[in-house]
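Peer 1:
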Amino acid sequence: MAAPQVRSASPRDCRPVTVTQASTAKATGEWLWLEPTVKLTLLFAVAALLSTSGLRLLQSAATRLERLQELDAELQLTERRVQILKNDFARVFSTAEARTVMQEQGNWIQPGQKRIVWQEASPESSR
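No gaps in the numbering here: position 85 of the sequence shown is 759 in this note's numbering, and each next residue is one more.
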């Protein structure tokens, strides 16, 4: 078997390739508009996405703030009711207020008191 012959390329064997400026400018000029257009399109898409996300976030924050204010008002009402009930509870179980509470809650009157019953006059009896 014979070994394949390898031919070495020397600089004088290579032919110079001449490239004209007009052909490269024409080839690259056709695609010069593509890169900025793609970049601008992506930039506008990201800006639109961020602005809609920001608006949704602001709307959500406003809704949560409104709900928080409602809960705060409800909490204040409940705290007032609890305070009234605590005071009433303390008054009912106070020894100093025992007589007045018994009079309010029942028909008990002290031995020295007289019962007064108010009656509305009927239209027939006033004539």
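The beta carbon of each residue, even a glycine, is placed where N, CA and C say it ideally should be. No experiment lies behind these values; they were computed from the predicted model shown.
Would you mind listing the beta strand (DSSP E) stretches within the stretch 704 to 738 that are 3+ residues and don't spill past its ends, in chain order?
Peer 2: Listed in chain order, nothing qualifies, since the stretch 704 to 738 has no complete beta strand (DSSP E) run of 3 or more residues.
Peer 1: Rounded to the nearest angstrom, what separates S734 and A747 at their Cα positions?
Peer 2: Translated into the one-based positions of the sequence shown, residue 734 becomes position 60. Translated into the one-based positions of the sequence shown, residue 747 becomes position 73. Taking the straight line joining both Cα atoms gives about 20 Å.
Peer 1: Looking at C-alpha atoms only, which residue of R773, A719, K760 and S796 is the closest neighbour of Q787?
Peer 2: The count along the sequence shown starts at 1 and reaches residue 787 at position 113. Comparing Cα positions, the closest option is R773.
Peer 1: If you draw a straight line from the alpha carbon of R730 to that of R738, how long is it in whole angstroms?
Peer 2: Stepping through the sequence shown from its first residue, residue 730 is reached at position 56. Stepping through the sequence shown from its first residue, residue 738 is reached at position 64. Taking the straight line from one Cα to the other gives about 12 Å.
Peer 1: Mapping the DSSP letters down to three states, classify E778 as helix, strand or coil.
Peer 2: Locating residue 778 in the sequence shown gives position 104, where the first residue counts as 1. Three-state DSSP puts E778 in a helix.
Peer 1: Have a look at L742 and L716 and give me their C-alpha separation to the nearest angstrom.
Peer 2: For this step, residue 742 is matched to residue 68 along the sequence shown. For this step, residue 716 is matched to residue 42 along the sequence shown. If I take the Cα positions, the gap works out to 39 Å.
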